[in-house]
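Quick note: the sequence shown, position 244, residue 273 per this note's numbering, numbers continuous.
Beta carbons: idealized from backbone N, C-alpha and C, even for Gly.
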Amino acid sequence: FVCGILFFTLFISNNVFALDTSSVISYFSSIDNNIFSTLPEETYDEDSPANVTNKVSSYIDFFTTTNRGHLIFQEWLNHAGPYIPFIKDILREEGIPEDLALLPLIESGFNVNARSPKQATGMWQFMASTGAMYGLKVNKWVDERRDPIKSTRAAAKHLRDLYNTFGTWPLALASYNAGSGKVKRALERTGSTDFWDMEDTKALKPETKNYIPKFMAALILAKNPDDFGFTISEEPASKYDLVEVPGGIDLHTIAQNMDTSYESLQKLNPELMGHITPSVELYYTLRVPEEMGSILVDNYNKLPLSKRVVFREYKVKKKDTVYKISRRYGVDVSTIKNANNLNKNCRITPGDYILVPLTPSLTESDIRLIATSEFPSDII
C-alpha cells in the first residue's frame, strides 16, 4: 500500500492535467468543504486557488485512467468499507468532521499493518512518539498503532488538537502530515495564516503541499464511486466478542478451544506482535469471532490446570543455562527451546529475557466474556 501511494505521488508530479477541472469543481459540493476552507465555519472557495483544482484533477485522472491507479484505489476502497462505519462513529464522538474517516485512504490504503520508510505504522500512520502521546502502547508485545479502534480514537483526538491549535482544517491536516512544528515554522517564515497561500513557496515540502489536494481527490472518488467506476460497501465485515484471557497465553490454544483458526485471531487482533498475549499483564482483552466467546469460555474453563499453560518472562542471570532453568521450573528443555526459537546450542546471554511455559494458578487462569456482538466504538 505504501509503495502504491509513493508511485502515484511520483506520477502526479510528472502528469499533465487530463481531466476537465470544471468537472472536478462540480463534485466539491459532495464533500464537507469546510474542512478545506481558509477560515473556520466557512466553505472552500471553489474558484480559488485554481492550481489546487488542477492538482485534484490530476490525482483523479491517475486513479481513473490508468489500470494500476484504478486497481490501487479499488483495493483501498475494499479495505476501507468495513472500517468506515465505526470510524465515523468515533469521529462524531470526538466532534470532528465525518469526512475525515476517509483520510486513511491516502495514509495507508486502510492497511492496519502498513509501515512507512520512516517507521510510521498502522492505518493512521502514527510515529511511535506521537502515538504514545495519545496512549498507544508500542513494545515487544503490542503495537497499538495497528489496532484499528484504538488508533482511530487516538487519531481523532490528535486531529482535534491540531485543529484547536491552528484554527483551520487545511493547517491541521498539513500538520498531521508534516508535524505541527514544521507548519508553525512555515507560517512564521511566510507570514501567512492560510495553508493555500503557501502553495507557491518552499516553506513546506511538496508532499505536504500536495497532501490536501490528494485527500480532496480521494474524497470525491470515494463519495461518488459509481461515477468513476468504483464500488464501496460501508458495512462492517464482521462483529466480534470481547474476552479477557490470561496474559501469556498462546493464540493457538485459544483457537483450538473454540474451533476457529489462528489466522482469524491474528486478523482480529493485529496489535499483537506475536502469537502470545502480553505476559506482563495478568489478563488481556482479546477479540474473537462473534458468538465464539461463550464457546471459548465453556471449553477452556473446563480444562484441568495441568492442561493450561501461560508463558512468563524470565531474566537470564550469570551461569544460567536452559537446562538449569528447565530444572528450576520443572519444564522440559525442548519446551523452552521451542517457546523461544532457540537453536540446538541453546545459547542464552545474561540480561536476556526468555519465555518459560508454566501452569497458572486457578485464580489467574479462567477466561471471562466481557461483551457479545457490540459495535466497536461502543466498547472503548
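Contact check, residue i vs residue j, beta carbons under 8 Å
{"i": "Glu342", "j": "Val309", "result": "yes"}
{"i": "Phe139", "j": "Met152", "result": "yes"}
{"i": "Leu250", "j": "Phe92", "result": "yes"}
{"i": "Ile64", "j": "Trp198", "result": "yes"}
{"i": "Phe244", "j": "Ile119", "result": "no"}
{"i": "Ile278", "j": "Val360", "result": "no"}
{"i": "Pro242", "j": "Lys366", "result": "no"}
{"i": "Lys410", "j": "Met302", "result": "Examination of residue 410 is not possible in this model, given that the chain is present from 30 through 409 alone."}
{"i": "Thr181", "j": "Ile116", "result": "yes"}
{"i": "Glu319", "j": "Tyr269", "result": "yes"}
{"i": "Phe257", "j": "Gln103", "result": "no"}
Option in the options with minimal Cα separation from residue i
{"i": "Asn253", "options": "Val81, Glu292 and Leu106", "result": "Leu106"}
{"i": "Ser444", "options": "Phe91, Ile101 and Gly124", "result": "A query on residue 444 cannot be resolved here, the shown segment of the chain reaching from 30 to 409 and no further."}
{"i": "Lys336", "options": "Tyr313, Thr388, Arg376 and Asn370", "result": "Thr388"}
{"i": "Gly13", "options": "Lys238, Leu131, Ala130 and Val360", "result": "An answer regarding residue 13 cannot be provided, because it is not within the stretch 30 to 409 covered by the chain."}
{"i": "Thr350", "options": "Ile383, Val339 and Val338", "result": "Ile383"}
{"i": "Gly322", "options": "His304, Tyr312 and Asp288", "result": "Asp288"}
{"i": "His281", "options": "Leu311, Ala368 and Asp229", "result": "Ala368"}
{"i": "Glu173", "options": "Asn372, Leu311, Pro307 and Ile377", "result": "Pro307"}
{"i": "Pro333", "options": "Ile305, Gln285 and Ser390", "result": "Ser390"}
{"i": "Thr194", "options": "Lys179, Thr222 and Val171", "result": "Thr222"}
{"i": "Pro386", "options": "Leu311, Thr364 and Asn286", "result": "Thr364"}
{"i": "Gly276", "options": "Thr378, Asp61, Glu292 and Leu311", "result": "Leu311"}
Same chain only: Cβ atoms within 7 Å of residue i, ignoring 5 sequence neighbours per side
{"i": "Tyr163", "result": "Ala183, Lys186 and His187"}
{"i": "Ile396", "result": "Val272, Glu273, Val274, Leu325, Val326, Tyr329 and Asn330"}
{"i": "Asp381", "result": "Val345"}
{"i": "Arg175", "result": "Val141, Asn142, Thr150, Gly151, Pro299 and Glu300"}
{"i": "Tyr112", "result": "Phe139 and Pro177"}
{"i": "Ile399", "result": "Leu271, Val272, Glu273 and Thr314"}
{"i": "Ala47", "result": "Confidence in Ala47 is poor, its pLDDT being 49 and thus under 50, which makes the residue's placement unreliable; the coordinate value appears in the next sentence. Closer than 7 Å at Cβ, skipping near neighbours: Asp90 and Thr94."}
{"i": "Ala246", "result": "Val85, Tyr88 and Ile89"}
Opening and closing residue of the alpha helix (DSSP H) in which residue i lies
{"i": "Thr364", "result": "Val362 to Asn369"}
{"i": "Arg482", "result": "Given a span of 30 to 409 for the chain in the structure shown, any question on residue 482 remains unanswerable."}
{"i": "Ala130", "result": "That residue, Ala130, is in no alpha helix (DSSP H); it is neither H nor E in DSSP."}
{"i": "Leu297", "result": "Tyr291 to Leu297"}
{"i": "Ile119", "result": "Ile113 to Glu123"}
{"i": "Glu273", "result": "Taken as a continuous stretch (DSSP letters only), Glu273 belongs to no alpha helix (DSSP H), being part of the beta strand (DSSP E) at Tyr269 to Pro275."}
Span of the beta strand (DSSP E), counted from its first residue to its last, around residue i
{"i": "Glu342", "result": "Val339 to Lys344"}
{"i": "Ala400", "result": "Arg397 to Ala400"}
{"i": "Val85", "result": "Segment Ala79 to Thr94 is the alpha helix (DSSP H) holding Val85; no beta strand (DSSP E) there."}
{"i": "Thr314", "result": "Tyr312 to Pro318"}
{"i": "Tyr163", "result": "Note, Tyr163: premise wrong, no beta strand (DSSP E); not H, not E."}
{"i": "Leu387", "result": "Tyr382 to Leu387"}
Cut-off 6 Å between Cβ atoms - residues of its own chain near residue i, not counting five sequence neighbours on either side
{"i": "Gly110", "result": "Ile261, Ser262 and Glu263"}
{"i": "Lys296", "result": "none"}
{"i": "Thr219", "result": "Met227, Thr230 and Ala232"}
{"i": "Val81", "result": "Pro242"}
Beta-carbon proximity list for residue i, same chain, < 8 Å, skipping 5 on both sides
{"i": "Val362", "result": "Val351, Tyr352, Ser355 and Cys375"}
{"i": "Gln148", "result": "Met156 and Ala157"}
Any non-hydrogen atom of the ligand COA within 7 Å of residue i CB
{"i": "Met156", "result": "Looking for the ligand COA in the displayed structure turns up nothing, as the structure carries no ligands at all."}
Per the contact definition of three or more C-beta pairs closer than 8 Å, is the segment 226-238 in contact with the segment 203-212? Touching, per the Cβ criterion.
Please determine if the segment 188-195 and the segment 119-126 are in contact, where contact requires at least 3 C-beta pairs separated by less than 8 Å. In this structure the segment 188-195 lies against the segment 119-126, because at least three pairs of beta carbons, one per stretch, are closer than 8 Å.
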